[in-house]
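The sequence shown begins at 1 in the working numbering and counts up by one. Step one of this worksheet: look at the structure below.
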Amino acid sequence: MTQHVIYPGTFDPITLGHINIIKRALTLFDKVTIAIANSTSKRPMFDIDQRVELVQRAVHDYKNITVKAFDSLLVEFAKQQKCNIILRGIRGVDDLEYEKQLALMNKKLAKNIETVFILPDIEFQHISSSLVKDIALHQGDVSKFVPKNVCAALKITSGNA
Ligand code: COA
1 MTQHVIYPGT
11 FDPITLGHIN
21 IIKRALTLFD
31 KVTIAIANST
41 SKRPMFDIDQ
51 RVELVQRAVH
61 DYKNITVKAF
71 DSLLVEFAKQ
81 QKCNIILRGI
91 RGVDDLEYEK
101 QLALMNKKLA
111 KNIETVFILP
121 DIEFQHISSS
131 LVKDIALHQG
141 DVSKFVPKNV
151 CAALKITSGN
161 A
């Protein structure tokens with residue numbers, strides 16, 4: 001049986017922390033679908049098409065990955081994809097409570113869908129999309145935190161090109 005996992009998020013933008021989770025997921029699952037939530041209420045820096053393109057370019061060297069946008073409930077998207085496993089990263093205790101709530105709520109919405117968690121490797125646990133955007137907006141160097149294509153996009157978007 002092919003083990004398929006959905007890795008959802010806003011990915012505004014994708015970071016090396018997300019890439020670490022994706023690489024680790026590829027050692028555990030046959031297929032990974034990166035599901036990019038529209039998340040308009042979070043007022044993302046990059047629109048959904050830009051985020052899809054940034055993720056596609058960042059993972060184009062890896063096999064068995066599909067990148068898709070969604071604008072529905074996550075569990076509905078998972079059902080459409082015929083997938084019953086959701087993957088989330090937990091960077092530390094700050095993430096834990098929110099992730100617990102999300103996983104339990106998703107379980108209430110669809111009882112056959114399981115959430116699994118991966119801890120990013122320690123050198124990635126401090127990386128967050130919001131901090132990366134803040135550093136870029138203040139003309140700081142984000143090359144240690146994001147893939148090369150994202151670094152270039154952040155420079156253009158934050159007027160630092
Ligand atoms: N306003 C603006 N930005 C916000 C925010 C807010 N209220 N809350 C979080 N963010 C930003 C932060 O930059 C954060 O990134 P960072 O922690 O790396 O800095 C980023 O959004 C991620 O937020 P988070 O909510 O932790 O996760 P996510 O956006 O990556 O993923 C989804 C959450 C997409 C999985 C979840 O919202 C989802 O499933 N949405 C689909 C709709 C759905 O099913 N909802 C019901 C869930 S029970």
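Heads up, the beta-carbon is just placed ideally off N, CA and C, and yes, glycines get one too.
Uninterrupted alpha helix (DSSP H) stretches at least 4 residues long and entirely within the region 38-70 occur at 48-58, given in chain order.
Here Lys31 carries a strand assignment [DSSP, helix/strand/coil]. In this structure, Thr66 sits away from Thr115, with a CB-CB distance that is not shorter than 7 Å.
Annotated three-state conformation of His126 is coil, per DSSP. In the DSSP assignment, Ile6 falls within the beta strand (DSSP E) that extends over 4-9.
Annotation for Leu87 indicates a beta carbon at 6 Å or more from all heavy atoms of the ligand COA. Contact check between the region 129-149 and the region 8-28: three or more CB pairs, one atom from each, fall below 8 Å, which counts as touching. A residue is called buried once 16 or more other Cβ atoms fall within 10 Å of its Cβ, and Leu109, having fewer, is exposed. Counting only residues of its own chain and dropping the five nearest sequence neighbours on each side, Asn149 has a CB closer than 7 Å to the CB of Leu54, Arg57, Ala58.
For Lys68, the closest alpha carbon among the candidates Asp61, Tyr62, Val75, Arg51 is that of Arg51.
Distances between the C-beta of Ser130 and the heavy atoms of the ligand COA include at least one below 6 Å. Measuring C-alpha to C-alpha distances from Leu16 to each of Leu74, Ser129, Ser41 identifies Ser129 as the nearest.
Taking Lys63 as reference, the option from Ile22, Asp71, Arg91 with the minimal CA-CA separation is Ile22. Cβ atoms of Val75 and Ile48 stay farther apart than 8 Å, at about 20 Å. Secondary structure of Val132 (DSSP, three-state): helix.
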